[in-house]
Amino acid sequence: MPELPEVETVRRSLEERILDKVIARVQIMMTKMVRPGAEEFAHGLVCETIEKLDRRGKYLIIHLTGDKALVVHLRMTGRLIYCHPDRPLDKHTHVILTLDDGHQIRYVDIRQFGKLQLIPKEELGVLSGLSTLGPEPLSDDFTKEGFKKALRNKRTKIKALLLDQTFIAGLGNIYVDEALFRAKIHPERVASTLNPREAVRLYTAVRDVIAEGIENRGTTLRDYVDGTGQMGGYQHHLRAYGRENMPCYYCGRPLERKVVAGRSSTFCPKCQKA
DNA sequence: AGTGCGACCTGATCGC
DNA sequence: TGCGATCAGGTCGCAC
C-alpha cells in the first residue's frame, strides 16, 4: 500500500487533528502489531501528549512530549484512522488510542504486516530500517549530482535500486514504475549504464511523480485511505502502473508486464528500451 | 555485490 | 455455486 505520498498524506491529515492531544487510553487487540510488549507499549503511551508528526521515507514518526516516539510502518495494508468512537469497528482493527478530545486513532491492518514501535527518541537514529534510509526525494540533500554519481557504481537493475530504501527513501512499486516510464528508462537497465542525460531525466521524474502523488493525496488501489478515511486521487493519473496491455501515452503501443527485481513491473517496450 | 526465494497475512479475482 | 491457484502498495533473512 503506502509509499511516500500516501504516508505523507496520512501525516498531514492526522497532524491537524491530533497535535497537542493527550493519549487517554490504549487498547491492543493484536499484540504482535506493537513493540515492545503490549504492557510496556500501553503504559508508555498513556498520559503522553502528541507533540509532533514526522515522516521519513514510508515511516510515520509520532513524537510524544516525553522521551519517547511512536514509529509506525503501514507496510501493505495498514491504516491509521482518526474517528469518533461511535464509528463501527473495522474488522481488522488491532490497536486503538483514545485521545482526550474524545476521538480515537485506530490502527487497522488486513494483512497484519505493519508495526507500531514505541521507542526512546534517542533510538530513532539506530532503529533498523529507519536509520539506514537514503535521502528524501524532495529534500535538498537529494541532488542531481549526487544521484548521477551514485548510479555510476551500482551494477544492479535500476528498478531494484529505486526500490532500495537505503538508496532513496519512500519509493515503492507504483512510483518506481511511474518514474521509469516518464524518464523512458527500462526497469532492467543496469544502473551504471545510464548516461548523464538519462540520469537527469530519472532524477526529475522521481521528484515529479512523488510531488504529484502528494498533491493528489496519494494513490488508492484498494486499501489505502488517509487519516480521515478519505481515498487518494493519484490512481487517476497513473501512466504505467497497472496499465498492462493498455496504450502507451507516448507511442500508443500496448504496455507490457514482467517481473523485475521480484516485483510486477509495467512498462512500454518501445519507449523504455532495454 | 547482486539475485532469487520464502516468510509474514488476508482477501479479491480468475479460470475451471 | 464452489474451489483452488494466483496476485497484491513492503521488508527481512537466507542461500547461492
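Each residue of the first sequence is one higher than the one before, starting from -11 at the first, in my numbering.
In this text, a Cβ means the ideal position worked out from N, Cα and C, and glycines have one as well.
These numbers come from a predicted model, not from an experiment.
In the same chain as Y212, and ignoring 5 residues on each side of it, the C-beta atoms closer than 7 Å to its own belong to M(-11), P(-10), E(-6), G206 and G220, in chain order. Within the DSSP bridge table, the entry for T37 names V10 as partners. Runs of alpha helix (DSSP H) with 4 or more residues, each lying fully within the region 138 to 205, are found at 146 to 151, 161 to 171 and 184 to 203, listed in chain order. In this structure, the alpha-carbon of L226 lies about 15 Å from that of L159. Between A249 and R177 the beta-carbon gap is near 12 Å, outside 8 Å, which marks them as no contact. Cβ neighbours of N204 within its own chain (closer than 7 Å, five residues either side excluded): G220, G221, Y222 and H225.
R245 is bridged by DSSP to T254. Ranked by Cα distance from E111, the first of L58, N141 and I98 is L58.
Boundaries of the beta strand (DSSP E) harbouring K56: K56 to H61, taken from the DSSP string. Per DSSP, the continuous beta strand (DSSP E) segment holding C71 begins and ends at G66 to C71. Looking at the backbone, the Cα of E27 and that of N161 are separated by about 36 Å.
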